[in-house]
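First the structure, in the form of structure tokens, and then the observations on it.
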Ligand SMILES: NC(=O)c1ccc[n+]([C@@H]2O[C@H](COP(=O)([O-])OP(=O)(O)OC[C@H]3O[C@@H](n4cnc5c(N)ncnc54)[C@H](OP(=O)(O)O)[C@@H]3O)[C@@H](O)[C@H]2O)c1
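Numbering (our numbering), first residue to last: 1 to 120.
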């Protein structure tokens, strides 16, 4: 995919998959909108990315809070005028073995992540 000029929203941008995607994509001419709960870490990553002359905005967002998600989408739309790609990597590993399977864990995580897509 040609990413030049594309607006890419990344949730979970302060660690693991999200952070690495942000750093890799910052070399491909994208405009980045980064979200996670740790604002200081977001700032540090955004400052590093801006050194590549990449446009990068960030905002604190807890994907368990619907309002935070709405604000993240609105913030990105206002700054960049749209969203081309959403990489929803925010998450934590919750062990949920079949012997003690609890479907409410799955439901809550699906709801929060899909809220971002609904917002877009
Ligand atoms: N790495 C793998 O090989 C792998 C494989 C399969 C599945 N997964 C799943 O993919 C997801 C990401 O994996 P990872 O390895 O990148 O994990 P990670 O290194 O722990 O990073 C998780 C990211 O999600 C953010 N996050 C967590 N809860 C959040 C919340 N409520 N709101 C907003 N941001 C939140 C964290 O930032 P803050 O703490 O700053 O909010 C962090 O940036 C996890 O759910 C993991 O179980 C990972």
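Positions of the beta carbon are idealized from the N, C-alpha and C atoms, including for glycine.
Owing to the predicted nature of the structure, the values given are computational and were not obtained by experimental measurement.
Residue 33 is bridged by DSSP to 9 and 57.
Remark: C-beta atoms of residue 75 and residue 31 do not approach each other more closely than 8 Å. Per the C-alpha coordinates, the member of 27, 66 and 13 positioned closest to residue 2 is 27. Taking one beta carbon from each stretch, the segment 11-20 and the segment 30-48 have 3 or more pairs nearer than 8 Å; the two touch. Per DSSP, residue 25 lies in no beta strand (DSSP E) segment; the continuous alpha helix (DSSP H) that holds it begins and ends at 16-25.
For the pair residue 49 and residue 38, the Cα-to-Cα distance works out to about 17 Å.
Pairing residue 45 with residue 89 gives a Cβ-Cβ distance that is not under 8 Å.
When distances are taken from the beta-carbon of residue 92 to the heavy atoms of ligand 1, the shortest one is below 7 Å.
When DSSP states are grouped into helix, strand and coil, residue 87 belongs to the strand group.
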